[in-house]
Each structure stands twice: as structure tokens, then as C-alpha cells.
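Residue numbers (this note's numbering): -15 to 237.
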Ligand code: PGA
């Protein structure tokens, strides 16, 4: 299974900065074999990224999406708007959306459903806060987020899903999870799929680790048989740093 490494740019980069990044990263493409590389710019830069990556194997993802097809939803973006820009993936339920924008499990479930119906591959983010971790609730939180997001889906609907385990305390803090913690969360996630869906859904699932991933520590995550990639924030913003991270990941598998 190829690794999947996604750049989550969050609220960073103008169109001009996006074009600059994309035109440079294309030059490294030959060094990325065996890794599916994904750039998730802000909505405003998707079109610029799409043009700058034309003909490249680097794929595009969005950072969010609304579940309705269209309508009076000021400030929102629909699946068809993303598909028009040849977006293949969409990050759903990122902890910043859950904790800063109040996104709940119902909204996450609706978004996952719409993404799958439209052929967009969702990257579903799950992970516990520091407080939940201290209370020993990590397992319970992850299972609740997974059932909240996936209830009612048939196993074969989920073959295109990616799940990112992103402990909230590790995001943007420079304090990445240990390989042991990432491994046990990834195993928990895959076992959930085996129990609630079927072996096919569990085996085809790609699980990313996210939270302070950088070139210096990615080997400890993608070196695990339970983890197939990473969701990268801060270390994806500078093109040389991000390409070094991808190359370090390739060497680790
Ligand atoms: P970080 O962010 O790599 O800056 O910790 C990861 C994420 O939020 O997806």
C-alpha cells in the first residue's frame, strides 16, 4: 500500500505563494515514488494549485466541505465545487474545526456521507485532547468519534476512506506522540473497522498519523506497519522542508 502524505496548509498561502510552492514541488516528483502526495490549500488557492499542478501526480485536497449540494449556506463550499477543481480528497472533522468552530459528530457524519457519495475521498480526523488523555479516555474518544462519523455506512462505502489519528495536544505544539501511542491508536482504529464493518474495510483503510510531524520524526510513524502516512501542518508550508519529509518517509518503509 502506498504511503499517503498530505500537506494541510490551514489558513496559510495566497494564490501567488501557492503557485510558487507547486511549481517547485513538481521538480521533486521523481523522488516521491511510492508516496501519494497531497496538497490541501485554502479554498481560495485551490484553483491556482490545480493549474500549477496540471499533469503532475501530486493530488489536491480540500480542508473542509459542506454536506448540502447547494443553497443558503453563506461561507460554505459544496462537493461539486470541489470536484470542478479536480479535488480528490477532503479533510473532515479536523480538531480545529471541532474545537474552534464547534463542528460536531453529526456534521462530520453528514460531510463524510456527501464526500463518499460524490467520489471524494474523506480524510477523517480523530483524536483526543490533553485532558481526555490524562483522564485515560483516549480509546473511548476515538471510538465515539469513529462511530459518530461512520454510523449507517455499508462497509464497501468505506474502502476509499483515510483516517488521520491526530491527538489534539500534538497539533502545532512540537510535541509529537510517541511511536507506541500512534501504533496503539492506529490498531484501535483498524480493529474498530474490523468489528463494526468487515475485514475488507479494515484491510483497505489507510491510517495517517498527524501532530508535529517533521522530517526528523516521520520515520518513527511510517515505519509502523499500522500507519500508512501522515497529515502534516507546519512542516508542509516550506517546500524544501516538505520534500525532505516525504523523502525521509520513503526511506523509512
Ligand atoms: P502540525 O498540524 O503538523 O502543525 O502539528 C497537523 C494538523 O493539524 O493536521
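Built from N, CA and C at the ideal position, the CB exists for glycine as well.
Contact annotation, residue 74 with residue 99: C-beta distance approximately 5 Å; criterion of less than 8 Å satisfied. The Cβ atoms of residue 197 and residue 169 lie no closer than 7 Å to each other.
Residue state for residue 21 is assigned as strand, using DSSP reduced to three classes. Separation of residue 201 and residue -4 (C-alpha to C-alpha, rounded to the nearest whole angstrom) is 23 Å. Looking at the backbone, the Cα of residue 152 and that of residue 16 are separated by about 28 Å. The straight-line gap separating the alpha-carbon atoms of residue 117 and residue 111 is approximately 10 Å. Contact between the region 39 to 49 and the region 5 to 19 is present: 3 or more CB-CB pairs across the two stretches fall below 8 Å. Here the alpha carbons of residue 194 and residue 46 stand approximately 16 Å from one another. Residue 167 is classed as buried because its beta carbon has at least 16 other beta carbons within 10 Å across all chains shown.
In this chain, the beta strand (DSSP E) harbouring residue 146 covers 146 to 149. In the DSSP assignment, residue 45 falls within the beta strand (DSSP E) that extends over 43 to 46. Note on the region 112 to 185: whole beta strand (DSSP E) runs with a minimum of 3 residues are 146 to 149, in chain order.
For ligand 1, no non-hydrogen atom lies closer than 6 Å to the CB of residue -13. Taking the C-beta atoms as reference points, residue 0 is found no nearer than 7 Å to residue 226. Counting of Cβ neighbours within 10 angstroms places residue 82 among the buried residues, the total reaching 16 or more. For residue 139, same chain residues with a beta-carbon under 7 Å away, outside a window of 5 residues either side, are 181, 182, 184, 185 in chain order. Within the same chain, Cβ atoms closer than 6 Å to the Cβ of residue 129 are found at 110, the five residues on either side in sequence being excluded. Each residue's CA atom was taken as its position, placing residue 143 and residue 224 some 32 Å apart. When secondary structure is reduced to three states using DSSP, residue 190 falls in the strand class. Classified as buried, residue 217 has 16 or more neighbouring CB atoms from the shown chains inside 10 Å of its CB. Residue 86 is classed as exposed because its beta carbon has fewer than 16 other beta carbons within 10 Å across all chains shown.
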